[in-house]
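Chemist: This is the structure I want to talk about, given as C-alpha cells.
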C-alpha cells in the first residue's frame, strides 16, 4: 500500500503508530459514524485557536489515511469512500464552528437577538462538501 500513495507513505512516516492502528483495526465502511466522537476526544484539551487548527489538520490527515488505505486495498466500495469523505468534511466543519462559537461566547459573550434569544453561529456556504462531489485519487 505504501508504494501506491505518496500521501499515505508520508503520513505514516510522520506518524508510525498509524500503521499498527491500520493493521490492528482496519478501516470499516461505517466508521464515519465514529468521526464526531473521535474528533470530540481529540479536541478535549484544545485551549487556543492555533492548537485547534493543528488538531483538526492532524485528525483530517489520520482519517484520510484510513480512507485511502481502505480504498486502495478495496476494503470498501467507492460509494462508501465518497460517503466517508463527505462525513469527514461535515464533521470537521461542525467541530470547528462549535469550538469557535464557544470560544467567542466566552470572550465576548453570547450573541443575542433584540428579544434576548441566543443566536447560533451559522455557516451559509462552503462550496463543495467532501466526497459527494469530489473524488479521492490515489497515484497508481
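Numbering (the working numbering), first residue to last: -17 to 122.
We put the beta carbon where it would ideally sit given N, CA and C, even for glycine.
Assuming residue 49 and residue 33 form a contact by the criterion Cβ under 8 Å, report the distance between their Cβ atoms to the nearest whole angstrom.
Modeler: Going by Cβ atoms, the distance from residue 49 to residue 33 rounds to 24 Å, so no, they are not a contact pair.
Chemist: If you check the beta carbons only, do residue 7 and residue 59 fall under 9 Å apart?
Modeler: Not in contact: residue 7 and residue 59 (Cβ atoms no closer than 9 Å).
Chemist: State buried or exposed for residue 47, treating a residue as buried only when at least 16 other CB atoms are found within 10 Å of its CB.
Modeler: Residue 47 should be labelled buried.
Chemist: Tell me which same chain residues have a C-beta within less than 6 Å of the C-beta of residue -2, skipping the five on either side of it?
Modeler: Result list for residue -2: empty, nothing under 6 Å.
Chemist: For residue 83, which residues in the same chain have their Cβ closer than 8 Å to its Cβ, ignoring the five residues on either side in sequence?
Modeler: Counting only Cβ-Cβ distances below 8 Å, and skipping sequence neighbours, we find 102, 103.
Chemist: With H, G and I counted as helix, E and B as strand and the rest as coil, what does DSSP make of residue -3?
Modeler: Residue -3 falls in the coil class under three-state DSSP.
Chemist: If you drop the 5 nearest sequence neighbours on each side, which residues of the same chain put their C-beta closer than 7 Å to that of residue 105?
Modeler: Excluding sequence neighbours, residue 105 sits near 75, 79.
Chemist: Go to residue 87, then tell me how far its alpha helix (DSSP H) extends in each direction, as first and last residue.
Modeler: First-last of the alpha helix (DSSP H) with residue 87: 60 to 90.
Chemist: From what residue to what residue does the alpha helix (DSSP H) around residue 51 run?
Modeler: Here the alpha helix (DSSP H) through residue 51 covers 31 to 54.
Chemist: Give me the Cα-Cα distance between residue 23 and residue 16, rounded to the nearest whole angstrom.
Modeler: One C-alpha to the other measures close to 11 Å.
Chemist: Per DSSP, residue 8 is paired with what?
Modeler: In DSSP, residue 8 forms no bridge with anything.
Chemist: Out of curiosity, what's the CA-to-CA distance linking residue 57 and residue 29?
Modeler: The straight-line gap from Cα to Cα measures roughly 37 Å.
Chemist: Beta carbon of residue 71, beta carbon of residue 25: below 9 Å?
Modeler: For residue 71 and residue 25, no; Cβs fall outside 9 Å.
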